[in-house]
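Residue numbers (the working numbering): 63 to 182.
Rendered as structure tokens:
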């Protein structure tokens, strides 16, 4: 997954022209390394970020309708996560969780106390 600025009105820190923002093509003779491949790029546009996705799969393994259905479900899940994040009353309301800290054994209330104490 990548993220690039493609707004022609503003400067780009990468220096790529909008028409150059493409995923590299692969040799069609090469075998797939996975049964389903998803490449995604987040484009920074004037109206906000826009996600572009390319789904690939070996012929005969899945039908196009199956992949379209999966892509639709995946897009719905991303939209739900985005709505959840945007519904936050403050940008930092979704702090760390125990699963974010695999090297220590802390409960959520302990993490909350540390975040409050250290103004995180």
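Even for Gly, the Cβ is constructed at its ideal location relative to N, Cα and C.
Computed from a prediction, not measured in an experiment: that's the story for all the values here.
Self-check item: DSSP three-state assignment for residue 106, whether helix, strand or coil
Solution: strand
Quiz item: Per DSSP, what kind of secondary structure is residue 135 in: helix, strand or coil?
Solution: helix
Quiz item: Tell me, which residues are paired with residue 180 by DSSP?
Solution: None; residue 180 has no bridge partner.
Exercise. Would you please state the rounded distance, in angstroms, between the beta carbons of residue 103 and residue 114? I believe it to be under 8 Å.
Key: 5 Å
Practice problem: Can you tell me which of 105, 132, 163 puts its alpha carbon nearest to the alpha carbon of residue 117? | Solution: 132
Quiz item: How is residue 160 classed by DSSP in three states: helix, strand or coil?
Solution: helix
Exercise. Look at the alpha carbon of residue 163 and the alpha carbon of residue 176, and state the distance between them as a whole number of angstroms.
Key: 13 Å
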